[in-house]
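Residue numbers (this note's numbering), protein chains in the order written: chain A, 1 to 125; chain B, 1 to 827.
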Amino acid sequence: MTLEARSARACWETDVDSPADGRSIDLGTVDAIPVGEGRAYRVGGKTVAVFRPRDGRLYALDNRCPHRAGSLADGIVGGGAVICPLHGWKFELASGRCLNESARVRSYPVVLMDGRMILLLEGEA
Amino acid sequence: MTEPERLVVIGNGMAGARVVEEILARAPERFAIAMFGAEPYGNYNRILLSNVLGGTQDAERIFLNPLAWYAERGVTLHAGIKVTHIDRERRRVTGRPMRASALPYGVDGVDGGAPTIEAPYDLAIIATGSRPFVPPMAGIDTPGTFFFRTIDDCERIAAYAKRCRSAVVIGGGLLGLEAARGLLNHGVEVTVIEAAPHLMPAQLDSEGGELLKRAMEGMGVRVLLGTFTQAILGEGRVTGLCLKSGETIAADMVVVSAGIRPIVDVATSSGLAVARGIVCDDQLRTSDPAIFAVGECVEHRGVVYGLVDPIWDQAKTIADVVTGKDPAAEYRGSRLATNLKVMGVELVSMGEVKAADPRDEVVVYREPSRGVYKKLVAQGGALRGAILLGEADTAGVLTQMFLLGSPLPERRADLLFGTSSGAPILSVLDLPDHAQICNCNGVSKGQIKEAILVGKCRSVTRVGACTKAGTGCGSCKTLIQQFLEIYAGEVEPDESEHYYVPGVPLAKAELVAAIKQHGLKSVSAVFRDLAAGKEDAGSKPGLASLLKSIWHADYEDERDARFINDRVHANIQRDGTFSVVPRIYGGVTSPTELRRIAEVAEKYRVPMVKITGGQRIDLLGVKKEQLPSIWRELGMSSGHAYTKAFRTCKSCVGTDFCRYGVGDSIALAQKIERRFRGVESPHKMKLATAGCPRNCSEAYVKDLGAVAIEGGKWEVYIGGAAGSTVRKGDLLCTVDTHDEVLRYTGRFIQYYRENGKYLERSYGFVERLGIERLREVLIEDKDGICARLDAEIDAAVAAYRDPWTEANAPVHRSQFRGLIADDEARA
Ligand code: SRM
Ligand SMILES: Cc1cc2nc3c(=O)[nH]c(=O)nc-3n(C[C@H](O)[C@H](O)[C@H](O)COP(=O)(O)OP(=O)(O)OC[C@H]3O[C@@H](n4cnc5c(N)ncnc54)[C@H](O)[C@@H]3O)c2cc1C
Ligand code: SF4
Ligand code: FES
């Protein structure tokens with residue numbers, strides 16, 4: 001593979017972009033995510049980062065940082081925000097609003113039912 | 001409540017968006033606003049495109065009003081829709097979507113097949129800006145020919161330049177030179193062609209132009225003056241230019257930047273009065289009282305402007321008039337100052353730079369050897385114009401005096417060089433609050449004052465982040481600095497600058513004391529007890545580092561406090577993959593080890609295998625989930641190329657093979673690396689040993705370097721650097737044996753671990769403490785701590801555990817999980 005071809009697409013990006021809207025999706029048990037961290041899930045055509053901050057809540061954002069496509073699931077989480085691991089843009093977990101630049105990522109509701117994480121794709125916030 | 005009036009704005013550039021901002025600031029509910037913009041974006045700062053083209057600023061960073069801005073204020077934005085007609089009788093504006101490939105400033109470019117979009121108005125404002133002027137020449141459509149006006153132009157030029165070796169810029173004005181400078185950064189050879197006898201004819205005299213030419217040539221730009229282009233040559237793509245003289249020039253691409261012309265198409269077709277621009281009165285009203293115009297498309301009192309400064313006053317005037325805040329408000333024209341934004345050339349020009357009148361008083365200073373040329377043209381004690389080239393320290397003050405028409409000081413020289421006493425020429429305190437300080441973004445003194453006093457901004461950068469002042473050409477930064485000095489003194493000093501981390505309101509010493517007093521062993525405990533329970537993501541790694549240095553083995557390691565690199569023991573790459581750098585002690589490897597690395601690289605299809613600048617091998621582009629098995633199969637330990645810790649000890653071949661070697665540098669490097677591998681510290685530590693003062697392993701410029709000298713002795717240097725800072729290390733001591741080198745190395749590392757600030761490299765640390773003081777502590781043991789330091793570093797060395805063993809014992813089952821598929825998650 002040429003260098004260009006490799007850098008054109010980030011490794012966690014999925015190939016298709018078919019919306020899987022209108023569904024609620026079971027992402028498995030919450031203990032798949034270590035407390036205070038996030039993990040990236042492939043859901044239909046999207047890649048969604050699910051976060052499990054220490055406050056006990058769950059949040060989900062599109063995993064792709066609008067700056068240069070950093071994987072937000074690899075960021076540091078705290079105080080209701082996540083910091084992108086590549087160049088430090090900071091996003092509010094609840095809304096996806098970027099706190100230091102004018103940008104935003106999509107956020108999705110995710111709820112805990114019987115210890116399982118249920119992602120709601122229809123209700124994009 | 002009355003129905004809001006309908007306002008339609010045609011053109012969503014700097015003027016269109018600004019006038020809407022000004023109107024919303026006065027009467028947020030008064031109008032139902034719709035905007036049309038031929039470009040498919042929100043409004044961005046066009047003057048920063050030069051930085052974008054040069055690659056010194058990201059395109060995303062220049063947006064002033066991103067799409068969300070419009071939505072949040074209830075403004076309907078038709079982005080990518082060009083207005084084709086105004087039906088003034090029915091008061092409707094008609095637009096059509098742009099064709100994907102069309103230039104927004106082109107004469108046509110709309111998609112004729114697409115449905116039209118109509119918007120009724122009570123009040124309309126035209127803000128269509130300008131388009132590049134195209135001098136008559138053949139071949140202008142040849143692919144490889146570009147203009148420089150929009151974000152998309154920058155992208156197109158940058159992408160095309162990748163495939164080019166040479167470029168010609170037609171036009172030696174402000175934009176042409178900025179384009180030429182930007183192209184240099186793309187590695188192409190650049191020639192600028194200017195028709196006038198000197199560069200920047202609109203802003204310079206011939207002497208200034210000549211010095212500027214020399215400065216541009218000094219950067220590697222070729223400049224042809226008095227030269228006219230006849231045709232662009234090439235079939236299918238640009239291959240060169242033919243000049244009027246008959247001469248031809250080879251070039252792979254052409255950027256045309258030969259001036260601008262107001263876009264008046266819609267105004268003309270709708271029957272408004274148009275001369276050079278859309279003719280407006282002092283209230284910026286066109287010949288139709290329901291239609292205003294603003295920005296570069298306007299002709300006011302016979303003048304058409306090509307800079308942003310007039311926009312700020314024009315927008316205020318329109319807003320005052322249409323909201324009724326001041327129905328009699330008037331715009332009376334602008335005085336202009338420009339700044340060439342070319343890295344490496346300081347140039348500010350304002351007003352009339354050539355004496356035209358016998359009453360004009362001209363003051364000139366020239367120092368051609370340094371490329372300095374300064375000129376003032378004054379009349380009746382006020383400034384008519386000025387040039388500052390090569391040195392523009394007084395530009396901020398001079399611009400203010402020019403714009404305000406303030407009386408000049410007796411000693412004109414002060415205006416060029418500052419006063420000899422250092423006293424300010426113009427006290428910024430005397431400026432009225434409405435005085436505009438940043439002309440690029442239209443920011444007044446009042447706004448800057450508020451950012452400092454109310455917004456608590458404490459640096460030029462913070463003021464910029466808050467108000468945008470100083471983020472354009474940057475020439476007002478010295479004034480912002482003066483405001484900071486004046487106003488920051490009036491308020492409480494900003495404590496937070498001294499905090500160890502931003503999220504916990506304590507300086508380092510107090511924080512350490514509080515942590516010990518409360519027995520706080522984890523990052524979450526610190527937030528709980530010392531920050532009122534409020535976590536701060538950015539403060540976590542700094543706290544983790546501090547807690548570990550306080551509690552050692554008792555530290556409660558919470559993995560979420562670590563940066564991703566330290567969670568997976570590898571360095572994250574731009575595409576989200578990781579790099580694997582195994583430890584190669586002292587840079588010495590073996591055929592067996594190389595074979596194993598090769599096998600692993602092949603088996604896992606590692607995209608790149610590279611020799612690093614640190615004398616070892618890097619496997620780049622590895623997926624997170626591959627890390628554990630790669631480490632296992634390599635059977636080597638972590639090289640810690642990702643963390644704040646001891647990294648490497650480079651070596652040279654020394655006495656083993658080199659005919660000059662006087663000390664065994666390889667054995668020493670291996671001993672150092674075996675002992676200190678992975679020891680954590682405030683920042684990374686890179687060491688080296690050299691077999692003689694020829695210093696082939698660059699030991700003089702490492703955090704610690706040992707250099708063998710005649711007589712079998714070793715010199716130990718500390719605080720060297722050759723990264724973003726270059727510094728030769730200071731000689732700490734000269735010793736006789738490897739063991740002594742190891743002892744002083746350990747002592748220095750431990751002292752740095754204890755006293756270095758978080759993220760302070762050894763070069764900063766050694767400079768801060770001074771080598772004399774360090775010798776007192778580490779060699780003469782004046783503080784009586786050497787025995788303790790030696791014991792502490794022994795303990796740290798003994799506690800070493802290779803993080804790559806987590807391949808077999810992950811701290812969490814998803815520690816190395818990359819993308820988790822939903823079906824697998826459900827299972
Ligand atoms: C891999 C390597 C480049 C290479 O291909 O050779 C490298 C790669 C990086 N360097 Fe370096 N540096 C590499 C040798 C160097 C050297 C030369 C040396 O080690 O002898 C220097 C100058 C010496 C020094 O450290 O001062 C060097 C000075 C820097 C600096 C500037 C530090 C400074 O304060 O001056 C940074 C930025 C920083 O640390 O904040 C940096 C940061 C980086 C980072 C970690 C940036 C980052 O955070 O992602 C790069 C990771 C790239 C990646 O995708 O993995 N790298 N970097 C080299 C790895 C050496 C190794 O074997 O461990
Ligand atoms: C590279 C570069 C560097 C510059 N540097 C400086 C500098 O250092 N200092 C300085 O003072 N000035 C500088 N300028 C000039 C400055 O950018 C302009 O003065 C300013 O942008 C003018 O604002 P405007 O709104 O009138 O026009 P524009 O910003 O061009 O906005 C007009 C907008 O209207 C759109 N439009 C046009 N026709 C239609 C239509 N029919 N329907 C819908 N939309 C339409 C256009 O596509 C455009 O988006 C620079 C310009 C460039 C290109
Ligand atoms: S010099 Fe270092 S930090 Fe910069 S691009 Fe190269 S590897 Fe990355
Ligand atoms: S990719 Fe997220 S901050 Fe750069």
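All C-beta atoms in this analysis are idealised placements derived from N, C-alpha and C, irrespective of residue type, glycine included. Predicted model, so just to flag it, every value in this text is computed and none were measured.
Taking a contact as a CB-CB distance under 8 Å, the pair A/Ile-25 and A/Leu-112 does not count as one, their CB atoms being some 14 Å apart.
Residues of chain B with a Cβ closer than 8 Å to the Cβ of A/Ile-118 do not exist, since the nearest Cβ in that chain sits about 10 Å away. Using a Cβ distance threshold of 8 Å, B/Val-679 and B/Val-797 count as a contacting pair. Within 10 angstroms of the beta-carbon of B/Gln-517 lie fewer than 16 other beta-carbons, which makes it exposed. Between the alpha carbons of B/Gly-277 and B/Ala-250 lies a gap of roughly 37 Å.
For B/Phe-563, at least one C-beta of chain A is nearer than 8 Å to its own C-beta. Collapsing the DSSP output to three states places B/Gly-705 in a strand. Below the 7 Å Cβ cutoff, chain B contributes no neighbours of A/Gly-56, its closest Cβ being approximately 12 Å away. Contact residues of the stretch 30-52 of chain A toward chain B are Ala-32, Ile-33, Pro-34, Val-35, Gly-36, Glu-37, Arg-39, Ala-40, Tyr-41, Arg-42, Val-43, Gly-44 and Thr-47 (C-beta to C-beta distance below 8 Å).
As the crow flies, the alpha-carbon of A/Gly-56 is around 34 Å from that of B/Ala-799. Close to A/Pro-85, with beta-carbon spacing below 9 Å, are these residues of chain B in chain order: Phe-563, Ile-564, Asn-565, Ile-572 and Gly-576. If you measure from each CB to the nearest heavy atom of ligand 4, the residues under 5 Å come out as A/Cys-65, A/His-67, A/Arg-68, A/Gly-70, A/Cys-84, A/Leu-86, A/His-87 and A/Trp-89.
Per DSSP, reduced to three states, the secondary structure at B/Ala-465 is helical. Between B/Tyr-758 and B/Ser-475, the gap from beta carbon to beta carbon reaches 8 Å or more.
The bridge partners DSSP lists for B/Asn-43 are B/Asn-65. Residue range 81-87 is occupied by the beta strand (DSSP E) that includes B/Thr-84, with no alpha helix (DSSP H) assigned at that position. By the neighbour-count criterion, in which 16 or more other beta carbons inside 10 Å mark a residue as buried, B/Arg-788 falls on the exposed side. Taken through DSSP and simplified to helix, strand or coil, B/Thr-725 comes out as coil. A Cβ-Cβ contact shorter than 8 Å links B/Gly-95 with B/His-78. Fully contained in the stretch 142-210 of chain B are the following beta strand (DSSP E) runs of length 3 or more, in chain order: 145-147, 166-170 and 189-193.
DSSP, read as helix, strand or coil, puts B/Gln-436 in strand.
B/Asn-441 has its Cβ no nearer than 7 Å to any heavy atom of ligand 2. B/Glu-194 is classed as buried because its beta carbon has at least 16 other beta carbons within 10 Å across all chains shown.
Here the C-alpha atom of B/Pro-4 lies approximately 10 Å from the C-alpha atom of B/Pro-28. Pairing B/Ile-318 with B/Ile-125 gives a Cβ-Cβ distance under 8 Å.
At least one CB atom of chain A sits nearer than 8 Å to the CB of B/Asp-536.
Under the three-state reduction of DSSP, B/Val-606 is assigned to coil, being neither helix nor strand.
Proximity of the beta carbon of B/Val-581 to ligand 1 is indicated: a heavy atom of the ligand is located closer than 7 Å. Of the heavy atoms belonging to ligand 2, at least one sits nearer than 7 Å to the Cβ of B/Tyr-105. For the set A/Gly-80, A/Leu-86, A/Gly-70 and A/Leu-61, the Cα lying nearest the Cα of A/Val-105 is the one of A/Leu-61. DSSP places B/Cys-733 in the strand class (E or B) of the three-state scheme.
The Cβ atoms of B/Ala-413 and B/Arg-458 lie no closer than 8 Å to each other.
When only Cα atoms are considered, B/Asn-45 and B/Glu-39 end up about 13 Å apart. B/Ala-708 and B/Val-609 have their C-alpha atoms roughly 33 Å apart. Remark: C-beta atoms of B/Glu-299 and B/Ile-260 do not approach each other more closely than 8 Å.
In terms of Cβ geometry, B/Trp-714 and B/Thr-734 form a close pair [threshold 8 Å].
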